[in-house]
Amino acid sequence: MAEEGSNDEPADHGAAEPDHGGVTADHGAAAPEVWHRVHPLTPILESLGVLVGIFIAAAYGLQNFMQTAIEDLARGDGVDLGFAGWLRSHPLVILGVVGGLILILLITALFSWMAWKVMGYRIDSEAIYYRRGLLSKKLRKARLDRVQSIDLQQKLLPRILGMAELVFDVAGGTDSNISLKYLSKKRAETLRDELLSAVRAKKQGAQQGTTTSTAGQSAEVASTSAPGIVNAPAVDPSADPSAGSSETGAVSGIAGEPALDRTVPERRDDSIGVRLSKRLGSLADGASHEAESSINELLAPYQVSANVNEEGEIIRVPVHRVVVSSLLKSETIISLLVVLLVIGVSIALLVVGLTEAFIPMIVAVIPGLFTAFSAFRKNLDNANFVVKLGENGLAVNHGLVSTSRKVIPLDRLQAVCLHQPLLWRKAGWWKVEFNIASAGGSGESNILLPVGDIDQALLMVGLALPEPQLPDDISAATLVRSAMYDRKSEDPQAGRAEELFHGQPRSSRLIDPLVWKRRAYAVTGSLLVLRMGVLDRRVDFVPHVRVQSMSYHQGPLMRSLGLGTVAVHSTAGPIDPRVTHQSVDEAKQFFSEHSERTRLARQRYDEEARTAKEGRL
């Protein structure tokens with residue numbers, strides 16, 4: 001079997017495409033396009049959906065046959081096997097069916113081989129290209145300077161076969177994304193590493209071009225000293241809503257390891273994880289002790305400590321914890337209860353002699369079992385969840401049946417939340433999620449921690465957020481614990497931290513009869529903290545520098561009760577921060593003050609970067 005990447009061939013048309021930097025061969029002709037093939041099994045794996053559909057149709061037919069047979073036996077009738085007898089008396093029909101199936105398989109194999117021959121990818125100094133299609137040809141292109149991240153994914157069957165898929169998250173929307181499948185795992189990892197270097201060089205070149213332009217140098221002079229770099233497209237600030245003006249020199253994510261702008265010193269409103277990455281830079285072998293010391297120093301306000309092993313791991317979630325926490329989620333329990341209820345009713349009908357209703361109800365249980373399994377399996381995607389300290393963020397590996405690897409760029413997180421379902425309370429588990437400035441699809445995972453104890457939750461929240469900037473007598477750990485447990489917090493300074501929270505007025509109890517006493521918000525020097533939920537506890541954190549916009553809302557019922565709500569807009573994700581059902585005066589005052597607070601915070605944040613850059617010129 002041919003190995004992908006080993007069958008390099010010129011493009012179909014033999015046309016030469018010079019790279020955008022104008023680099024050509026010595027004899028004046030452009031370098032030929034070299035296309036690399038994907039794994040030969042790719043077309044077959046992509047056609048599995050059709051095969052699964054055929055299998056489901058066959059299973060449905062078999063289910064109907066079994067149901068009819070069981071009903072006949074329940075009535076005391078024999079099972080009708082007349083069709084089977086007819087087939088035994090007509091062997092040519094059986095041979096025709098078998099021959100037809102073999103012919104279909106041969107035709108499928110031929111088309112798969114022809115489809116594989118036209119599949120391929122090509123990489124040059126500007127972009128990666130992916131072509132496919134036998135009857136309708138398609139060519140996708142991803143510019144290197146627009147790549148936000150590259151995830152390596154392995155679904156169950158490709159994982160068994162030692163194959164992997166590279167998913168390119170490209171700025172410009174989900175339609176711009178490219179999925180390169182399938183490659184051998186070794187080849188996928190090697191290609192990913194090569195693209196890391198290529199995209200990093202491209203984006204650093206774009207950043208250098210921006211800095212040179214700020215200093216007033218002409219593009220011609222710059223191209224003389226660094227040919228091929230200034231011509232690289234500049235990073236589009238719109239790709240990262242948190243980037244602010246281009247003068248900050250912020251660089252968006254690159255190929256799974258987004259480049260931090262280390263030319264800018266630590267800023268007060270940087271998250272602790274970003275400050276840590278700037279301090280350590282690229283960790284050398286055996287530097288885990290240095291990393292652990294730096295993490296614990298920065299996370300001291302959260303009163304947690306991290307144990308960093310030689311591979312850089314700071315958190316590993318056991319599989320059994322993910323399994324148990326999945327079983328304790330509401331959707332799983334409700335699905336199982338519905339299935340058990342249907343089974344119980346079916347047995348009761350059988351006991352009273354209503355056999356006609358028993359069989360259909362038992363068959364109806366099957367979709368419920370699939371629903372329960374689907375909810376459970378979705379949570380199992382976070383099994384083997386490992387968080388490592390990376391050069392430019394947190395490197396996350398997860399997956400039991402299929403695996404995925406990605407890097408979470410901490411400098412692009414817009415909001416963070418803590419969530420605790422009701423049945424997790426006894427175990428003390430929490431889930432940590434985030435919103436991020438990205439063009440990724442809605443199906444992407446926004447999880448920092450699928451399930452963990454209080455110390456692990458505080459560790460992840462601490463890495464993802466800037467220091468809260470609290471009064472000297474209140475620690476970050478005290479504030480977060482008060483937000484998580486409100487008046488039930490056992491922290492000695494919980495009462496002092498509770499004074500920072502503004503609760504809902506008593507008039508809101510008509511709208512929020514269960515949660516009005518718990519809902520509250522607190523404003524610190526760098527964060528907006530929102531406390532919500534009674535059965536399912538939830539805490540949202542929004543850094544001031546990451547607020548996109550704000551809006552004030554008051555419906556008819558709220559107007560009659562003298563209440564108002566302020567929405568603090570973040571990027572798309574699981575977090576929708578809102579200061580809910582405050583008195584009109586309180587809501588309007590918060591809207592006015594927080595708008596100015598966030599504007600000044602962003603202005604100060606950008607000015608620190610601008611001053612640092614101007615100081616080096």
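Be aware that the sequence shown starts at 1, since it is given in full-length UniProt numbering, and climbs by one per residue. All residues carry an ideal CB built from backbone N, CA and C; glycine is no exception.
{"Query": "Going along the chain, which unbroken runs of the alpha helix (DSSP H) with 4 or more residues stay wholly within the UniProt domain \"YdbS-like PH\" (516-590)?", "Result": "556-561"}
{"Query": "DSSP beta-bridge partners for His419?", "Result": "Lys431 and Arg538"}
{"Query": "Figure out for me which residue from Val480, Pro360 and Leu380 has the closest Cα to the Cα of Thr332.", "Result": "Leu380"}
{"Query": "Looking at Arg518 and residue 618, is the spacing between their C-beta atoms short of 9 Å?", "Result": "With the chain represented from 1 up to 617, any question about residue 618 goes unanswered, as that position is not in the structure."}
{"Query": "How would you write the range of the alpha helix (DSSP H) that Asp512 sits in, first residue to last?", "Result": "Element bounds for Asp512: n/a, residue is neither H nor E."}
{"Query": "Measure how close the beta-carbons of Ala520 and Phe501 come, nearest whole angstrom, since I'm counting them as under 8 Å.", "Result": "4 Å"}
{"Query": "Give the straight-line distance between the Cα atoms of Ile436 and Ile408, rounded to the nearest whole angstrom.", "Result": "9 Å"}
{"Query": "Taking all protein chains shown into account, do 16 or more other C-beta atoms lie within 10 angstroms of the C-beta of Trp430, making it buried, or fewer, making it exposed?", "Result": "buried"}
{"Query": "Using only CA atoms, which one of Ser89, Leu157 and Thr524 lies nearest to Leu45?", "Result": "Leu157"}
{"Query": "Roughly how many angstroms separate the alpha carbons of Asp606 and Glu189, rounded to a whole number?", "Result": "36 Å"}
{"Query": "Look up Val230 in the DSSP assignment and say whether it is helix, strand or coil.", "Result": "With a pLDDT of only 30 at Val230, under the threshold of 50, the placement of this residue in the model should not be trusted; the figure read from the coordinates follows. It is coil, neither helix nor strand."}
{"Query": "Considering only the beta carbon of each residue, do Gln554 and Thr565 sit closer than 9 Å?", "Result": "yes"}
{"Query": "Taking Ile150 and Arg187 to be in contact with their CB atoms under 8 Å, please state how far apart those CB atoms are, rounded to whole angstroms.", "Result": "Actually they are not in contact, since the Cβ atoms of Ile150 and Arg187 sit about 14 Å apart, beyond 8 Å."}
{"Query": "Find the nearest neighbour of Ala142 within the set Asp124, Leu135, Arg159 and Leu134, judged by alpha-carbon distance.", "Result": "Asp124"}
{"Query": "Note the first and the last residue of the continuous alpha helix (DSSP H) segment covering Leu161.", "Result": "Looking at the DSSP string, Leu161 is not in any alpha helix (DSSP H), and its letter there is neither H nor E."}
{"Query": "Looking at the strands, I want to know which residues DSSP matches up with Gln154.", "Result": "Thr403"}
{"Query": "Report the three-state DSSP secondary structure of Gln504 (helix, strand or coil).", "Result": "coil"}
{"Query": "Please say whether Ile315 and Val387 have beta carbons closer to each other than 9 Å?", "Result": "yes"}
{"Query": "Looking only at C-alpha atoms, which of Met114, Pro40, Gly353 and Ile160 sits nearest to Leu134?", "Result": "Met114"}
{"Query": "Residues bridged to Val147 by DSSP?", "Result": "Val170"}
{"Query": "Comparing C-alpha positions only, which one of Ala587, Leu101, Pro43 and Ser570 sits nearest to Pro505?", "Result": "Ala587"}
{"Query": "Suppose contacts are defined by Cβ-Cβ distances below 9 Å. Is residue 629 in contact with Lys329 by that definition?", "Result": "Lying before the first or after the last residue shown, residue 629 is absent from the chain, which here runs from 1 to 617."}
{"Query": "Going straight from the alpha carbon of Thr598 to that of Phe434, what length do you get?", "Result": "19 Å"}
{"Query": "Who pairs with Glu313 in a beta bridge, going by DSSP?", "Result": "Lys388"}
{"Query": "Which residue from Ile295, Gly312, Gln493 and Glu311 puts its Cα closest to that of Ser305?", "Result": "Ile295"}
{"Query": "Note down the Cα distance separating Asn307 from Ala300, rounded to an integer number of angstroms.", "Result": "14 Å"}
{"Query": "Rank Ser374, Phe373, Leu369 and Asn397 by C-alpha distance to the C-alpha of Asn382 and give the top, closest one.", "Result": "Asn397"}
{"Query": "Residue range of the beta strand (DSSP E) that Ser346 falls in?", "Result": "No beta strand (DSSP E) holds Ser346; the alpha helix (DSSP H) holding it covers Ser330 to Val351."}
{"Query": "Does the beta-carbon distance from Val264 to Glu608 come in below 9 Å?", "Result": "yes"}
{"Query": "Using beta-carbon positions only, say whether Ala164 and Ser325 come within less than 9 Å of one another.", "Result": "no"}
{"Query": "Give the straight-line distance between the Cα atoms of Gly286 and Phe590, rounded to the nearest whole angstrom.", "Result": "Its pLDDT being 43, under 50, Gly286 is placed unreliably in this model, and the value from its coordinates should be taken loosely. Their backbone Cα atoms lie some 49 Å apart in a straight line."}
{"Query": "With a CB to CB cut of under 8 Å and the five nearest residues on each side skipped, what residues in its chain are close to Leu510?", "Result": "Leu561"}
{"Query": "Give me the residue from Thr580, Arg578, Met550 and Gln603 with the minimum Cα distance to Ser592.", "Result": "Met550"}
{"Query": "Considering only the alpha carbon of each residue, which of Asn446, Pro367 and Ala483 lies closest to Ser404?", "Result": "Asn446"}
{"Query": "Would you list the residues sitting across from Ala395 in a DSSP beta bridge?", "Result": "Lys388 and Val407"}
{"Query": "Quick one: what does DSSP say Pro450 is sitting in, helix, strand or coil?", "Result": "strand"}
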